[in-house]
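A quick write-up on the structure given underneath.
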Amino acid sequence: NIADDFFGVVNIDVTPPRLRDLPRALPPFSPNFDLANDEAVGSFNLSEDCFVTARVLDTGGAPLRLIFSNTFYPAGSASIRWNGARDGPGGHPELPNNGPVVRDGTYVLRIEYRDRAGNPGPSADTEVRVDTSPPQIRSNRATPSNITFAGLGSEIRYYSSERGRATVRVFGPKSGANLGANRGTIL
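As numbered in the working numbering, residues 281 to 467 make up the sequence shown, in order.
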């Protein structure tokens, strides 16, 4: 038997994938189970289909949480969520199969990825700040001291230890009735 010659084309991929648009730092979050800002979300774009590993490290590089390992992500936009938990037992009842929530502080979300051919891209890091402490309000003062809503010119001043949103409510001195509310952004 004489074998026929076989010819074919083999494409060899040696180009590493690229991860783009991951910010240097994510907005602070507070994993305190109040259903407001309880997760950090890092969004990015992949140049091609990849297998992605995401982990959280402390600022010294020690691993705290493996979010997932070698999970397939198609090319294009993607995101990763972290609920503030570290690996290990002893987590909050709201986080089954998770360890306890990390302390307030700054952490690193590291994303490692490789394409289908096994070419790794450079790992990408973003800072994540956990902040579960409520802001402190100080120097409460109103001018004039007897606020009337009959005219303009009343001012309520307050200072916060951090940026955020605040609601100021004014109550009547005798009845305790809510006389008005104003919401604003603390800059």
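Ideal Cβ positions, reconstructed from N, Cα and C, are used throughout, including at glycine.
As the structure is a computational prediction, the values presented were derived from the model and not from experiment.
query	result
Proximal residues to Gly-356 (C-beta, below 6 Å), its chain only, five neighbours per side dropped	none
Proximity winner among Ser-359, Pro-369 and Gly-368, relative to Val-321 (alpha-carbon distances)	Ser-359
Ranges of the beta strand (DSSP E) found wholly within the stretch 351-418, counting only runs of at least 3	356-362, 385-395 and 404-410
Check whether Leu-299 and Gly-401 have beta carbons under 8 Å apart	yes
According to DSSP, residues forming a beta bridge with Leu-299	Leu-326
Residue burial classification, Phe-286 (beta-carbon count within 10 angstroms, cutoff 16)	exposed
Identity of the residue in Ala-334, Thr-386, Ala-342 and Pro-296 nearest Pro-307 by Cα	Thr-386
Option in Leu-389, Val-408 and Arg-383 with minimal Cα separation from Asn-312	Arg-383
Proximity to Leu-389 [Cα-Cα], best of Asn-399, Gly-398, Pro-380 and Ala-404	Ala-404
For Thr-412, the nearest candidate out of Asp-395, Gly-379, Asp-318 and Pro-380 (CA to CA)	Asp-318
Contact under 8 Å by Cβ, Asp-395 with Asp-284	no
Inter-residue spacing [alpha-carbon to alpha-carbon] between Asn-399 and Pro-296	5 Å
Cβ neighbour criterion (16 or more within 10 Å) applied to Leu-326	buried
Residues sharing a beta bridge with Arg-345, DSSP	Val-336
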